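Below: one structure, written as structure tokens.
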Amino acid sequence: MRERLPGPESPGPASARLEVRRLVVRYAGVPAVDGIDLALEPGSFTALLGPSGCGKSTTLAVLAGLQRADEGEVLLDGTALGDTAPERRPLSLVFQKPLLFPHLTVAQNVGFGLRMRRVPRREAAAEVAAMLERVRLDGLADRRIGELSGGQEQRVSLARALVRRPRVLLLDEPFSQLDADLRAEMRTLVRELHDEAGVTTLFVTHDREEAVEVSDRIALMLDGRIAGSGTPQEIYTRPPTLRTARFFGFENEIRGQVAGGVFRSADGTVSARCDLAPGAATLVVRPEAVRLGPAGEDTGTARAGAGGIGPSVRVKDQRFAGTHVVVDVALPDGQRLRAHVPVGSEPAVGERVGVWLPPERCTVLAEVDPTRTSGTGAP
Ligand SMILES: Nc1ncnc2c1ncn2[C@@H]1O[C@H](COP(=O)(O)OP(=O)(O)OP(=O)(O)O)[C@@H](O)[C@H]1O
């Protein structure tokens, strides 16, 4: 995760506050967007994150004026946009597939919007040249679109979007067609461009790592609804619901009960302090937070409130995963718990190990999934 100052970046002079209230969009009567609220502060960078089909693109299309909402409204600096035509909205949209004019050069594509706005030729040329330099395409101004790589095409799309000086920048999975290295490079570029211009940005993605790395805030969308929102740190470490936890890779779910401010697993081996009311609950913990140690060692059970499991459990399975080894252990009641351990420190299958769940990495949720008992969901 990048080091970043807390709070939104300083807004650019013209960046706007964008608000979505109770937005509903139905296709053939079925809601694709089901009553969402969103507030993008001026100059902020928000990721709208969610799996395929959850309604992200539909939301963006409504913001851009390309799709009508069935209910709700979109407000720019407090003014409802209503039926304002797309070209009259001070927003720029970058799509997954670059929609560029193949018969025009790079510079002509970038300058197209300025020509439409009748910006004087010399002024437009200077702005286009400056923009191409910012997206590191200077030198390619006279190339045709067909002579560019996928990454270069998306740079042209970004330049074309930003040269209009939009008050809000909307990005719809702009790098999903690029390879992993190029995606990382483009993410950095988008973030740099945002930080320079301070333009309010909404970045749609299904990739949680991308959302965490690039944004100041994440709104997680599931089945047409906002399932949780917060800073990347908040949502990554303290998921508000079980589904959010699963989406963010909390593979371990331990079921139990809360009583007197303490969660206890069904078999009594895991405990953690929490401020939930008494009742059924689930403790979630990421596999990389689970610590394994030598069997018999005090791995934390004795510490009051520290999530801990009895001194020894048996290793059921382990497999090499490149940067770490995935180890599944069997808890006393038979449920599995998954740990990621550094390569070279993995215990053997059948070995007995001690387990410790650092309390600050455990989240207890007042929810249980009746369709699952417990464990990792591993076979
Ligand atoms: N024009 C349409 N007619 C009917 N159903 C549609 C239409 N467009 C989208 N849908 C449906 O609405 C739901 C939301 O689609 P949307 O494209 O907004 O999701 P998404 O999160 O952007 O998905 P992806 O990441 O795959 O693009 C999906 O179930 C989709 O099949």
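Heads up: the sequence shown begins at 1 in full-length UniProt numbering, then just goes up one per residue.
Where a beta carbon is used, it is the ideal one built from N, C-alpha and C, also for glycine.
Fair warning: this is a prediction, and the values are worked out from it, not measured in the lab.
Could you check whether the Cβ of residue 44 sits closer than 7 angstroms to any heavy atom belonging to ligand 1? Every heavy atom of ligand 1 is 7 angstroms or more from the Cβ of residue 44, so no.
For residue 211 and residue 315, the rounded distance between their alpha carbons: Distance between the alpha carbons of residue 315 and residue 211: 34 angstroms.
Is the beta carbon of residue 280 less than 8 angstroms from the beta carbon of residue 368? Yes, these two residues count as a Cβ contact at 8 angstroms.
Measuring only from the beta carbon, is residue 219 closer than 7 angstroms to any heavy atom that is part of ligand 1? Short note on residue 219: C-beta not closer than 7 angstroms to any heavy atom of ligand 1.
Closest Cα partner of residue 171 within the set 349, 94, 219 and 255: Minimum Cα-Cα distance from residue 171 among the listed residues 349, 94, 219 and 255 corresponds to 94.
Tell me which residues share the same chain as residue 267 and place their Cβ nearer than 6 angstroms to its Cβ, disregarding the 5 neighbours each side in the sequence. Closer than 6 angstroms at the Cβ level, and outside the excluded window around residue 267, lie 332 and 333.
For ligand 1, any of its heavy atoms closer than 7 angstroms to the Cβ of residue 27? Taken from the Cβ of residue 27, at least one heavy atom of ligand 1 lies inside 7 angstroms.
Give the DSSP-derived three-state secondary structure of residue 155 in the structure shown. Helix, per DSSP.
Residue 359 versus 140, 247, 272 and 191, residue with shortest Cα-Cα distance: Taking residue 359 as reference, the option from 140, 247, 272 and 191 with the minimal CA-CA separation is 272.
Helix, strand or coil at residue 316 [DSSP, three-state]: Under the three-state reduction of DSSP, residue 316 is assigned to strand.
If you draw a straight line from the C-alpha of residue 186 to the C-alpha of residue 167, how long is it? Their backbone Cα atoms lie some 21 angstroms apart in a straight line.
Could you check the C-alpha separation between residue 143 and residue 106 for me, to the nearest Å? About 6 angstroms.
Does the structure place the stretch 118 to 126 close enough to the stretch 63 to 82 that three or more beta carbon pairs sit under 8 angstroms? Segments in contact, no.
Write down the C-beta distance between residue 239 and residue 218 rounded to the nearest angstrom, noting that I regard them as a contact closer than 8 angstroms. No, residue 239 and residue 218 are not in contact; Cβ-Cβ is about 11 angstroms, not under 8 angstroms.
Any contact of the stretch 127 to 139 with the stretch 58 to 78, i.e. 3+ C-beta pairs under 8 angstroms? The stretch 127 to 139 vs the stretch 58 to 78: no contact.
Would you identify the three-state DSSP class for residue 444, choosing helix, strand or coil? No information on residue 444 is available, as it lies outside the stretch 1 to 379 that the chain covers here.
Under the DSSP definition of a beta bridge, which residues are partnered with residue 280? By DSSP's assignment, residue 280 forms a beta bridge with 257.
Once you ignore the five residues that flank residue 257 on each side, which residues in its own chain have a CB closer than 8 angstroms to its CB? The residues are 263, 264, 266, 278, 279, 280 and 281.
When you compare the CB positions of residue 205 and residue 169, do they come within less than 8 angstroms of one another, or not? Contact flag unset, no.
Within its chain, find whatever has a CB closer than 6 angstroms to the CB of residue 92; leave out the 5 residues flanking it on each side and keep chain order. For residue 92, where only same-chain residues beyond five positions count, the Cβ hits under 6 angstroms are 161, 164, 166 and 169.
Measure the alpha-carbon distance for residue 47 versus residue 216 and round it to whole angstroms. Approximately 8 angstroms between the Cα atoms of the pair.
Which word fits residue 175, buried or exposed, when buried means at least 16 other C-beta atoms lie within 10 angstroms of its C-beta? Around the C-beta of residue 175, 16 or more other C-beta atoms lie within 10 Å, and the residue is accordingly described as buried.
Test item: CB-CB of residue 24 and residue 87 under 8 angstroms: Against a cut-off of 8 angstroms, the Cβ pair of residue 87 and residue 24 comes out as no contact.
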